[in-house]
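A.B. asks: Residue numbers (the numbering used here), protein chains in the order written: chain A, 1 to 143; chain B, 1001 to 1183. Beta carbons: idealized from backbone N, C-alpha and C, even for Gly.
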Amino acid sequence: MNSETDADSYPSRISMITLSGDSYIRLALETFLATPLVHLLSGLDDDKPIIPQEGARLARVSGYTEWLSTTAPIITLGWDWELDVSQGQPLYVRLGSPRSNIMLVDAMAHDLGPTKTSMLLETAIDALAWQKETHQYIVTRYA
Amino acid sequence: MQVMSGAPEGLPQGLYSKLARYRHNVFVEQLGWELQTQDGTELDQFDRPDTVYVVAQDDEGHVFGCARLLPTTRPYLLGEVFPLLLNGLPPPCSSDVWELSRFAAVDLNNQTSALGQFSSPVAIELLQESIACAAAHGAKRLIAVSVIGVERLLRRAGFHAHRAGPPMVIDGHPILACWIEID
């Protein structure tokens, strides 16, 4: 049956990570979500960094963080963040849209476009546990 | 802010030398990049007679911003020095692709730091001028070799940009290559 053939071929199609001539890595959202990312580096925006410490009164603290896949070609994903101190315990919160070489595609391998890709990546980032590693790196880097 | 652009021969007398000293101050003295220097100036093999510069000056003629534009049909920084930033792809070579490098927007007289430079409106204006200048030379796309701050600036300024590869820490400085589409 055709439907079985399609179903059989679909997993191999979405699992491909390919680098296009325009430098985009085209992949399905499912493939991206199944690809582990590792922390590369993070930094603060401020010229004179303020190290977030428990109990300290914080001015606005913001920065960026960079994550990579261990695949070849490499998926790169970076985003801005700020510390939200409104709830007492400082919380790292993503700011704005991510920067990457990712173009998400649908089941037919058609581009979803930069806007939809960005929106889906934002949701994916917010589901990642990136805050702790970012905080540890920041504290070490600016100690 | 006054923005001048052109090849060295087309720039007002003395501006090229001021630009070279400005780049030394920003990239070597403030950012600590290990670059080719001579007598307090920073120029390399890509600063040629055909290189196009965009230079921002204040009313008193002090340089407070710059960018360098190179056609990818001739040797350029990414292709010659940093091809590893392209994630395995060959460096572009096309008359409608230009490279943007050595972008800075540091006001040395007002104590703008090199670290905080990319948050200023001046930086956005200089970036817009640089992209317009490249377009005027036939560019339809730019490939930028830059620190992460420039890429963040591009995004904030509303440009359509995406990465050509992951950032790499080179001599202690994270840099990357990113594409800028000229609409």
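(1) What is the C-beta distance between ILE1175 (chain B) and PRO1167 (chain B), in whole angstroms, given that I count them as a contact (C-beta under 8 Å)?
(2) From the beta carbon of GLU1042 (chain B), is the nearest beta carbon of chain A less than 8 Å away?
(3) Could you compute how far the alpha carbon of SER42 (chain A) sits from the alpha carbon of GLN1030 (chain B)?
(4) With a 10 Å radius around its C-beta and 16 neighbouring C-beta atoms as the bar for buried, classify ASN1109 (chain B) as buried or exposed.
(5) I need the DSSP call for GLN136 (chain A), collapsed to helix, strand or coil.
(6) As a quick exercise: from B:GLN1002, B:GLY1032, B:ARG1048, B:THR1037, pick the residue whose alpha carbon is nearest that of GLU1009 (chain B).
(7) Quick test of the definition: if touching needs 3 or more C-beta pairs under 8 Å, does the stretch 1149 to 1163 of chain B touch the stretch 98 to 105 of chain A?
(8) For TYR64 (chain A), name the three-state secondary structure that DSSP assigns.
(9) Would you say VAL1150 (chain B) reaches chain A, if we count a Cβ-Cβ gap shorter than 8 Å as a contact?
(10) Can you check whether the CB of THR65 (chain A) is closer than 8 Å to the CB of PRO36 (chain A)?
(11) Name the one or two DSSP bridge partners that GLY78 (chain A) has.
(12) Grab the span of the beta strand (DSSP E) containing ASN1163 (chain B) for me, first residue to last.
(13) DSSP three-state label for MET108 (chain A), please.
(14) With 16 other CB atoms within 10 Å as the buried threshold, where does SER1130 (chain B) fall?
(15) Closest Cβ-Cβ distance between PRO1174 (chain B) and chain A: below 8 Å?
(16) My understanding is that LEU1142 (chain B) touches TRP1098 (chain B), with C-beta atoms under 8 Å, so please give their C-beta distance in whole angstroms.
(17) Between B:LEU1089, B:ALA1136, B:ASP1058, which lies nearest to MET1001 (chain B) when the distance is taken from Cα to Cα?
(18) Does the count of Cβ pairs from the stretch 26 to 40 of chain A and the stretch 120 to 131 of chain A closer than 8 Å reach three?
(19) If you measure between the beta carbons of LEU1127 (chain B) and ALA1056 (chain B), is that distance less than 8 Å?
(20) Under a CB-based cut-off of 8 Å, is PRO36 (chain A) close to chain B?
C.D. replies: Reading from the atomic positions:
(1) Contact flag correct, Cβ pair sits at about 7 Å.
(2) Interface with chain A (8 Å Cβ-Cβ cutoff): GLU1042 (chain B) is excluded.
(3) The alpha-carbon atoms of SER42 (chain A) and GLN1030 (chain B) are separated by roughly 20 Å.
(4) It is exposed - the Cβ of ASN1109 (chain B) has fewer than 16 other Cβ atoms within 10 Å.
(5) Taken through DSSP and simplified to helix, strand or coil, GLN136 (chain A) comes out as helix.
(6) Closest by alpha carbon: B:ARG1048.
(7) The stretch 1149 to 1163 of chain B vs the stretch 98 to 105 of chain A: in contact.
(8) Annotated three-state conformation of TYR64 (chain A) is strand, per DSSP.
(9) Chain A contact via Cβ: absent.
(10) Their beta carbons are not under 8 Å apart, which means PRO36 (chain A) does not touch THR65 (chain A) by this criterion.
(11) According to DSSP, which records beta bridges pairwise, GLY78 (chain A) is partnered with A:GLU66, A:ARG99.
(12) One detail in the question is off: residue 1163 (chain B) reads as Arg in this sequence, not Asn. Here the beta strand (DSSP E) through ARG1163 (chain B) covers 1161 to 1163.
(13) MET108 (chain A) falls in the coil class under three-state DSSP.
(14) Buried, by the Cβ-count rule.
(15) Chain A contact via Cβ: present.
(16) Contact flag correct, Cβ pair sits at about 6 Å.
(17) Among B:LEU1089, B:ALA1136, B:ASP1058, the Cα nearest to that of MET1001 (chain B) belongs to B:ASP1058.
(18) Segments in contact, yes.
(19) No, they are not a contact pair.
(20) Answer no: the Cβ-Cβ gap between PRO36 (chain A) and chain B never drops below 8 Å.
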